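K.L.:
Line by line, the protein sequences give chains H and L.
Take the working numbering: the last position of the first sequence gets the number 317, and nothing is skipped along the way.
Take the working numbering: the last position of the second sequence gets the number 317, and nothing is skipped along the way.
Number of protein chains: 2
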Amino acid sequence: MAGRAGGKPSMPTVGKTAPAVNRTVADGRVGDAFSLPTGPVDLAAIKPNATPVGPKRKKQAAKLMEKISVELAGLQEKLYAEAMGGGRRSILLVLQGMDTSGKDGVVEHVVGLVNPAGVHLVSFKKPTKEELQHDFLWRIEKQLPPSGRVGVFNRSHYEDVLVVKVHKLVPQRELTARYPKINDFEARLAAQGVVVVKCFLHISKEAQTERLLARLDDKTKFWKYNPGDVAERALWPAYQDAYALALQRCNTESAPWFIVPGDRKWYRNWAVAALLLEVLRAMDPQYPAADFDPAAEQKRVAAS
Amino acid sequence: MAGRAGGKPSMPTVGKTAPAVNRTVADGRVGDAFSLPTGPVDLAAIKPNATPVGPKRKKQAAKLMEKISVELAGLQEKLYAEAMGGGRRSILLVLQGMDTSGKDGVVEHVVGLVNPAGVHLVSFKKPTKEELQHDFLWRIEKQLPPSGRVGVFNRSHYEDVLVVKVHKLVPQRELTARYPKINDFEARLAAQGVVVVKCFLHISKEAQTERLLARLDDKTKFWKYNPGDVAERALWPAYQDAYALALQRCNTESAPWFIVPGDRKWYRNWAVAALLLEVLRAMDPQYPAADFDPAAEQKRVAAS
Numbered sequence: 014m015a016g017r018a019g020g021k022p023s024m025p026t027v028g029k030t031a032p033a034v035n036r037t038v039a040d041g042r043v044g045d046a047f048s049l050p051t052g053p054v055d056l057a058a059i060k061p062n063a064t065p066v067g068p069k070r071k072k073q074a075a076k077l078m079e080k081i082s083v084e085l086a087g088l089q090e091k092l093y094a095e096a097m098g099g100g101r102r103s104i105l106l107v108l109q110g111m112d113t114s115g116k117d118g119v120v121e122h123v124v125g126l127v128n129p130a131g132v133h134l135v136s137f138k139k140p141t142k143e144e145l146q147h148d149f150l151w152r153i154e155k156q157l158p159p160s161g162r163v164g165v166f167n168r169s170h171y172e173d174v175l176v177v178k179v180h181k182l183v184p185q186r187e188l189t190a191r192y193p194k195i196n197d198f199e200a201r202l203a204a205q206g207v208v209v210v211k212c213f214l215h216i217s218k219e220a221q222t223e224r225l226l227a228r229l230d231d232k233t234k235f236w237k238y239n240p241g242d243v244a245e246r247a248l249w250p251a252y253q254d255a256y257a258l259a260l261q262r263c264n265t266e267s268a269p270w271f272i273v274p275g276d277r278k279w280y281r282n283w284a285v286a287a288l289l290l291e292v293l294r295a296m297d298p299q300y301p302a303a304d305f306d307p308a309a310e311q312k313r314v315a316a317s
Numbered sequence: 014m015a016g017r018a019g020g021k022p023s024m025p026t027v028g029k030t031a032p033a034v035n036r037t038v039a040d041g042r043v044g045d046a047f048s049l050p051t052g053p054v055d056l057a058a059i060k061p062n063a064t065p066v067g068p069k070r071k072k073q074a075a076k077l078m079e080k081i082s083v084e085l086a087g088l089q090e091k092l093y094a095e096a097m098g099g100g101r102r103s104i105l106l107v108l109q110g111m112d113t114s115g116k117d118g119v120v121e122h123v124v125g126l127v128n129p130a131g132v133h134l135v136s137f138k139k140p141t142k143e144e145l146q147h148d149f150l151w152r153i154e155k156q157l158p159p160s161g162r163v164g165v166f167n168r169s170h171y172e173d174v175l176v177v178k179v180h181k182l183v184p185q186r187e188l189t190a191r192y193p194k195i196n197d198f199e200a201r202l203a204a205q206g207v208v209v210v211k212c213f214l215h216i217s218k219e220a221q222t223e224r225l226l227a228r229l230d231d232k233t234k235f236w237k238y239n240p241g242d243v244a245e246r247a248l249w250p251a252y253q254d255a256y257a258l259a260l261q262r263c264n265t266e267s268a269p270w271f272i273v274p275g276d277r278k279w280y281r282n283w284a285v286a287a288l289l290l291e292v293l294r295a296m297d298p299q300y301p302a303a304d305f306d307p308a309a310e311q312k313r314v315a316a317s
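Written out as structure tokens, the structure is:
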């Protein structure tokens, strides 16, 4: 569990019967291992190829993923069912990271493990002209997951303190005001029953070099390459600073950040899947009780 | 390939380079096997437990599904990539059928085989007050899949000639006008590059009995049961007639219907997956060429 700067805040009780309010976040081995360190965040001090918990090798990770996928699908169905019975809880998985850090990979290999009917996936791109005429959270609010769904944001409102900071797209005063705005927004989500799980996929610049070159070395990957990414890459230190600040300022009790080592794809996928599983286990979703008399309905069906 | 009333219309050429217009639909063993018969549709004459093509047993189906899933995921990525390069094609899989016919099952077990990033899934429920103040196709239009996506409609505009017909929710003149409106709408989609594949999941009333009773016999399935479904079930013959009419009137060259035997879940899942695969093979999506100089970009990346 990532509390404020790594502290261990007291955990809210997890209701067994779909409480309206639930601020549960991962509070186990996986969540702990990826929590933010105490004090200011120094990304350079966190190894992008670390394996602090879980599998040490690719083969081992593949085996674990098979197990995780079964339990994950089961719990996700329960969360969906709970909402069909009136439950108000959902999950919002926020994926952030530099270009090539693996956001799309997590969508394919982790989000792809569960029933698409229970997923609400949104990829946030450069804001449209219309979106820019509203507060930065306007387009985010519209895409929040309905009850029972696993919402997944591939990029998010954090871009509004990342690319926006690096390129100075808003005045400093507006930028500074955005961090507490985000915290208030996320606290409101948590109070509504949205369990917010934020993952920063942490890669080294060397890993990015390799992945960009891999895209240029394979005709079937050209479509993933954007020449504009090289200009952003030149701003690597500024982006790392912007991330460090966002992680530090917006690591709250109700919506903690997790730093997921991203240099090994198999580890990154395992880590996000394991984190999601830990969150779902802590939420402990429940199938709703019948709001009808099953025996009487059996007779109705048989007679019809 | 299902042409008008089972005829074999001439197939439009499938372009190799993402043509703006593509009316390709399944034109192979699977599509043929599930095409509509010649003449008026008599659903009572089509066996819901038939296995006219493909696997004859569950185990065999499971093996085939593994193979299909690999090819399906590959072709879906290509379709997505094609669109990233400017291609305008997409797929729209329409799922219709009586309650318990397996629409949700197809979403979980077939749509779940591909990358969620490439899927645009919509479940259409009873129209809202706002939706009812518009033409019946208004809410459908808003949910069409973007280029490169596999759109999936769990129920669709066909409800507007099914439940609406059975319950006489609009005047007969309006109802009669809807069939050609649907055909015009779908022809426009086809002309835009949306390959429309419509599946009617055909089950027997006995299979519905079993499935409803199964939901009432298992606490973890109560949430899937709706007492209101029994009232609809009493209208079984009226629904079968409404389906037969919709299938017959809206089985067009650009947007054919397929009748998928639904009494065996493993067969139904295989059939829709195999049909989707056949459609994607016929579309033959292509990775886009680079709009940059890969060698020059390699140098830029290495130097950055």
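We treat Cβ as the ideally placed atom computed from N, Cα and C, and that holds for glycine.
Remember, predicted model here, so these are calculated numbers, not experimental data.
Quick one: complete alpha helix (DSSP H) runs, 4+ long, within the stretch 80 to 145 of chain L?
P.N.:
As far as the stretch 80 to 145 of chain L is concerned, its whole alpha helix (DSSP H) runs of at least 4 residues are 116 to 122 and 142 to 145.
K.L.:
Against chain L, does residue 132(H) count as a neighbour if the rule is that its beta carbon must be under 9 Å from one of theirs?
P.N.:
True, the Cβ-Cβ gap to chain L drops below 9 Å.
K.L.:
Using a C-beta cutoff of 9 Å, does residue 226(H) count as contacting chain L?
P.N.:
For residue 226(H), the answer is yes, since a Cβ of chain L falls inside 9 Å of its Cβ.
K.L.:
Who are the Cβ neighbours of residue 302(L) in its own chain at under 8 Å, not counting the five residues just before and after it?
P.N.:
The answer, listed in chain order, is 98.
K.L.:
Please go through the stretch 214 to 283 of chain H and give each complete beta strand (DSSP E) segment of 3 or more residues, from N-terminal end onward.
P.N.:
Complete beta strand (DSSP E) runs here, min 3: 270 to 274.
K.L.:
Give me the Cα-Cα distance between residue 292(H) and residue 213(L), rounded to the nearest whole angstrom.
P.N.:
Computed Cα separation, rounded: 38 Å.
K.L.:
In chain order, what residues of the same chain lie with their CB nearer than 8 Å to the CB of residue 320(H), ignoring the 5 residues before and after it?
P.N.:
Only positions 14 to 317 of chain H appear in this structure, which leaves residue 320(H) out of reach.
K.L.:
Express the C-alpha separation of residue 114(L) and residue 243(L) in angstroms, rounding to a whole number.
P.N.:
Rounded to whole angstroms, residue 243(L) to residue 114(L) spans 14 Å at the Cα level.
K.L.:
Could you check the C-alpha separation between residue 83(H) and residue 126(L) for me, to the nearest Å?
P.N.:
Looking at the two C-alpha atoms, the distance is approximately 15 Å.
K.L.:
My assumption, with CB atoms under 8 Å, is that residue 211(L) sits in contact with residue 149(L). Please give the rounded CB distance.
P.N.:
Going by Cβ atoms, the distance from residue 211(L) to residue 149(L) rounds to 16 Å, so no, they are not a contact pair.
K.L.:
State yes or no: is the beta carbon of residue 292(L) nearer than 9 Å to at least one beta carbon in chain H?
P.N.:
No, because no Cβ of chain H sits closer than 9 Å to the Cβ of residue 292(L).
K.L.:
Please state if the CB of residue 135(L) and the CB of residue 163(L) are separated by a distance shorter than 9 Å.
P.N.:
The answer is no: Cβ separation not under 9 Å.
K.L.:
Are the Cβ atoms of residue 287(H) and residue 67(H) separated by less than 9 Å?
P.N.:
The answer is yes: Cβ separation under 9 Å.
K.L.:
Give every residue of the same chain whose Cβ lies closer than 7 Å to the Cβ of residue 277(H), excluding the five residues on either side of it in the sequence, and list them in chain order.
P.N.:
Excluding sequence neighbours, residue 277(H) sits near 62.
K.L.:
Throw me the rounded Cβ distance for the residue 56(L) and residue 280(L) pair, which I believe falls under 8 Å.
P.N.:
No, residue 56(L) and residue 280(L) are not in contact; Cβ-Cβ is about 17 Å, not under 8 Å.
K.L.:
Report the residues of the stretch 238 to 267 of chain L with a CB closer than 8 Å to any CB of chain H, ordered along the chain.
P.N.:
Result list: 238, 240, 243, 246 and 247.
K.L.:
Taking only the alpha-carbon atoms, compute the straight-line gap between residue 296(L) and residue 54(L) and give it to the nearest angstrom.
P.N.:
Roughly 28 Å separates the two Cα atoms.
K.L.:
For residue 300(H), return the contacting residues in chain L, with the cut-off set at a CB-CB distance below 9 Å.
P.N.:
Simply 232, 233, 234, 235 and 236.
K.L.:
For a cutoff of 9 Å on Cβ pairs, would you count residue 197(L) as touching chain H?
P.N.:
No, no contact with chain H.
K.L.:
Classify residue 193(L): buried if its beta carbon has 16 or more other beta carbons within 10 angstroms, exposed otherwise.
P.N.:
Residue 193(L) should be labelled exposed.
K.L.:
With 16 as the cutoff for other CB atoms within 10 Å, does residue 89(H) come out buried or exposed?
P.N.:
Buried: at least 16 other Cβ atoms inside 10 Å.
K.L.:
I'd like to know whether the C-beta of residue 288(L) is nearer than 9 Å to at least one C-beta of chain H.
P.N.:
Answer no: the Cβ-Cβ gap between residue 288(L) and chain H never drops below 9 Å.
K.L.:
Looking at C-alpha atoms only, which residue of 121(L), 116(L) and 128(L) is the closest neighbour of residue 120(H)?
P.N.:
The candidate whose alpha carbon is nearest that of residue 120(H) is 128(L).
K.L.:
Using a Cβ-Cβ cut-off of 6 Å (strictly less than) and excluding sequence neighbours within five positions of residue 42(L), which residues of its own chain qualify?
P.N.:
Here the set comprises 66.
K.L.:
Run the CB neighbour count on residue 227(H), radius 10 Å, all protein chains shown included, and call it buried at 16 or more, exposed below.
P.N.:
By the 10 Å Cβ count, residue 227(H) comes out exposed.
K.L.:
Could you please give the first and the last residue of the uninterrupted beta strand (DSSP E) stretch that includes residue 44(L)?
P.N.:
No beta strand (DSSP E) holds residue 44(L); the alpha helix (DSSP H) holding it covers 42 to 46.
K.L.:
Could you name the residues that DSSP lists as bridge partners for residue 211(H)?
P.N.:
In DSSP, residue 211(H) forms a bridge with 107(H) and 270(H).
K.L.:
With 16 other CB atoms within 10 Å as the buried threshold, where does residue 313(H) fall?
P.N.:
It is buried - the Cβ of residue 313(H) has at least 16 other Cβ atoms within 10 Å.
K.L.:
Which residues of the stretch 141 to 167 of chain H have a Cβ closer than 9 Å to any Cβ of chain L? Give them in chain order.
P.N.:
Of all residues in the stretch 141 to 167 of chain H, 165 and 167 have a Cβ within less than 9 Å of some Cβ in chain L.
K.L.:
What does DSSP give as the partner residue(s) for residue 167(H) in the beta ladder?
P.N.:
DSSP lists 108(H) and 136(H) as partners of residue 167(H).
K.L.:
Quick check on this structure: which residue in 315(H), 167(H), 216(H) and 180(H) has the alpha carbon closest to the alpha carbon of residue 60(H)?
P.N.:
Minimum Cα distance to residue 60(H) is reached at 216(H).
K.L.:
With a Cβ-Cβ cutoff of 9 Å, do residue 249(H) and residue 81(H) count as a contact?
P.N.:
No, these two residues do not count as a Cβ contact at 9 Å.
K.L.:
In angstroms, rounded to a whole number, what distance separates the CA positions of residue 77(H) and residue 273(H)?
P.N.:
Roughly 17 Å between the two C-alpha positions.
K.L.:
Compile a chain-ordered list of the residues in the stretch 106 to 129 of chain L whose CB is closer than 7 Å to at least one CB of chain H.
P.N.:
Answer in chain order: 117, 120, 121, 124, 125, 128 and 129.
K.L.:
What three-state label does DSSP hand residue 59(L) in the structure shown?
P.N.:
Three-state DSSP puts residue 59(L) in coil, outside helix and strand.
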